[in-house]
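Each residue of the sequence shown is one higher than the one before, counting from 1292 in our numbering.
Where a beta carbon is used, it is the ideal one built from N, C-alpha and C, also for glycine.
Below is one structure, written out as structure tokens, with a few remarks after it.
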Amino acid sequence: MPKKSTLLAVSLLALAFTTFFLVNRNSEPESIPTPIVEDIPAATLTPARKPQLIPIEDGLLKDAVIAAGDYMVRQQLANGELSYQVNFLNHDRSYTPSDIRLVAGTGSLYTVCRVSGDVKYCEAGDLALDHYLEMLVSDSETFKGTCLYTNGGCPLGGAALTVDAIYKRWQATGGFFMDDHNLLDTAMDLGYFIVSMRKPGGGFYHSFDPHFAGSVDPNYFVINFPGESLYALLQLYEMTGNSFWLEQAREVNRFMVTQPVTEDHWHSYAFAMFARLDSLSRADQAYADQIADTIIAGQVRSLNPVNTSISTATKVESLSALAQALFLSGAEHERLDRDIRTFITFVLARQLPDDNCNFDITDDMILRYEGGVFSACEDPSIRVDGVQHWINGVTAYLEYQSMMEAK
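Below, the structure is given as structure tokens:
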């Protein structure tokens, strides 16, 4: 093995068994100290795996996924940047985009590529990913791994969703090299940052300031960041086959299932991956059922015309992923199908050119925005996270249907 490759392998192995400690928790910014490094035998390194794909059948919902991908590609700028938000009635665009949501949107382009089998969506994804990778920051003297720097800090979810985009690219292409980027190395570096943000008592710190000596913000909190991070750890396990990431995911999940239940679609995705790659405990299954019940209990309110297709699309994601998880675990799952279909119907009615708000849809609007999913009758805007939640949610449901048919 070349000397450079040997050093890289040893470095990665050492980092993989690093003990990450966060100290001095109080109202002041908290520093992340240098970890303890131990010598690990090289035999623990395992090669990257090949993606295991679930076939998607042709039909109306597959067409809806591809139409959403077409919308994203038409709106993409030449430098790779994706459209964040546009009002399709007056064409006004948002100038305060969320980079985290845009990175998540990049991942959904690879999902469309996988579902459709058309390389143009992967090419669009590569153009976008190359653009957003410029936001990654590494500084071995200040913090561990690599983070996504945006709006003056490194949010935990930024690293997690960048791993997700790389994972979805791997699913679509089977490869990790993109021009001069080794995306597997990048994903693992992002994973080391995620692990370094774990709290000693469980959970995560949600934001890190990489300036000067580096510090976490103990008061910053985003409800979906833990689920995103758990899912990213499992994605790293599937991509690498290294049990370090699985053990990290198990520890995180053991803490998460002791917390109050929310409509956490990212935790639902993680349950599906646990079921496919490892196993779900009875506590996991009970928690999964509670997430599903929480979503279904709010069905009437969720289907009110004033509510957004963005939040409803996340319900499709969550219930579809939970259905996969319960099916793979041999647990009862059929009860979720009716509600998934109901939520899909709600969002489908807001995917242009369809609309359930009686807008005056012109040919020019269709030419520009067909396939986009607008938010609500009171908010005729198409936002990138609404589109990506729709793409990923419908794909998860179609995968669930394929599992059912193959049994």
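Within 8 Å, strictly: CB atoms of residue i and residue j
i: V1543; j: S1572; result: no
i: G1589; j: L1527; result: no
i: P1446; j: V1513; result: yes
i: Q1576; j: S1506; result: no
i: D1417; j: M1469; result: yes
i: F1618; j: M1694; result: yes
i: E1554; j: I1587; result: no
i: G1663; j: V1678; result: yes
i: M1363; j: L1424; result: no
i: A1359; j: I1601; result: no
i: L1537; j: D1508; result: no
i: S1487; j: F1434; result: yes
i: I1357; j: V1410; result: no
i: L1246; j: F1379; result: Since the displayed the chain opens at 1292 and closes at 1698, residue 1246 lies outside it and no answer follows.
i: R1460; j: D1676; result: no
Residue closest to residue i, alpha-carbon to alpha-carbon, out of the options
i: L1427; options: Q1615, D1630, T1453; result: T1453
i: T1387; options: Y1375, R1541, V1394; result: Y1375
i: S1672; options: L1537, D1383, G1449, Q1539; result: D1383
i: A1523; options: G1505, G1416, H1558; result: H1558
i: E1419; options: R1365, R1567, V1638; result: It is worth fixing the name first, because residue 1419 is Ala in this sequence and not Glu. Closest by alpha carbon: R1365.
i: K1490; options: K1411, Q1539, A1478; result: Q1539
i: I1247; options: I1357, D1390, G1465, E1608; result: Outside the displayed span of the chain (1292 to 1698) sits residue 1247, for which this structure offers no information.
i: F1665; options: T1599, L1627, E1414; result: T1599
i: G1492; options: G1398, D1628, Q1550, G1444; result: Q1550
i: F1634; options: E1529, N1595, D1421, V1552; result: N1595
i: T1636; options: A1355, D1349, H1624, C1668; result: A1355
i: D1670; options: V1597, H1624, R1392, A1574; result: V1597
i: E1348; options: G1371, N1370, G1408; result: G1408
i: D1707; options: S1534, D1421, T1653; result: Summary: the structure shown does not reach residue 1707, with the chain confined to residues 1292 through 1698, and so no result is reported for it.
i: D1455; options: V1552, M1656, D1651, T1477; result: T1477
i: N1370; options: A1415, L1344, I1345, T1653; result: A1415
i: G1494; options: P1346, R1541, F1535; result: R1541
i: P1501; options: G1443, A1451, L1525, L1344; result: G1443
i: D1655; options: P1346, N1381, D1361; result: N1381
i: H1556; options: K1606, S1534, D1580, A1574; result: K1606
i: A1622; options: D1580, V1638, R1629, T1653; result: D1580
i: N1680; options: E1661, V1638, S1534; result: According to the sequence shown, residue 1680 is His rather than Asn. Considering only alpha carbons, the answer is V1638.
i: L1525; options: H1497, F1650, I1485; result: I1485
i: I1657; options: A1667, D1645, R1629; result: D1645
Cut-off 6 Å between Cβ atoms - residues of its own chain near residue i, not counting five sequence neighbours on either side
i: V1314; result: Confidence in V1314 is poor, its pLDDT being 33 and thus under 50, which makes the residue's placement unreliable; the coordinate value appears in the next sentence. Excluding residues within five positions, none has a Cβ falling inside 6 Å.
i: L1276; result: Nothing can be reported for residue 1276, as the shown portion of the chain is limited to 1292 through 1698.
i: V1377; result: R1384, I1673
i: N1647; result: A1640
i: Q1462; result: P1342, R1405
i: A1612; result: S1559, Y1560, A1563, A1687
i: Y1691; result: S1611, A1614, Q1615
i: A1697; result: none
i: S1296; result: Reliability of the predicted coordinates at S1296 is poor, the pLDDT of 42 falling under 50, and the value obtained from them is presented with this limitation in mind. Within the same chain, S1296 has no close Cβ partners at all.
i: A1450; result: C1438, L1439, L1481, F1484, I1485
i: G1518; result: D1555, W1557, H1558
Presumed contact (8 Å Cβ cut-off) between residue i and residue j, rounded CB distance
i: F1436; j: D1480; result: Looking at the sequence itself, residue 1436 is Gly, so the reference to Phe does not match. With a Cβ gap of about 5 Å, G1436 and D1480 count as contacting.
i: G1448; j: F1503; result: About 23 Å separates the two Cβ atoms, so there is no contact after all.
i: A1616; j: F1562; result: 4 Å
i: H1353; j: L1689; result: A small correction: the amino acid at residue 1353 is Lys; His does not occupy that position in the sequence shown. Their Cβ separation, rounded to whole angstroms, is 6 Å, which keeps K1353 and L1689 in contact under 8 Å.
i: A1614; j: I1631; result: 7 Å
i: C1438; j: F1499; result: 6 Å
i: T1397; j: L1368; result: Their Cβ separation, rounded to whole angstroms, is 13 Å, which puts T1397 and L1368 out of contact at 8 Å.
i: R1659; j: E1529; result: In fact, because the Cβ distance is near 38 Å, the residues do not count as touching under 8 Å.
i: Y1511; j: V1548; result: That belief does not hold up - the Cβ atoms of Y1511 and V1548 are roughly 23 Å apart, past 8 Å.
Nonlocal neighbours in the same chain, by C-beta distance under 7 Å from residue i, ignoring five residues either side
i: L1351; result: none
i: R1567; result: L1619
i: G1465; result: K1341, P1342
i: H1624; result: A1614, L1617, F1618
i: R1316; result: Low confidence applies to R1316: its pLDDT is 33, below 50, so where it sits in the model is not reliable, and the reading given next is rough at best. P1509.
i: E1661; result: A1358, Y1362, L1643, P1644
Chain-order list of residues whose beta-carbon lies under 8 Å from that of residue i (same chain, five-residue window excluded)
i: S1318; result: Only weak support exists for where S1318 lies, its pLDDT of 36 falling under 50; the value from the coordinates is given anyway. So the qualifying residues of the chain are P1509, N1510.
i: L1344; result: R1405, Q1462
heavy atom of the ligand SAH below 7 Å from residue i C-beta
i: D1508; result: The ligand content of the structure shown is nil, which means the ligand SAH is not present either.
Chain C within 8 Å of residue i, Cβ atoms only
i: M1469; result: The question asks about chain C, but that chain is absent: this structure has only one protein chain.
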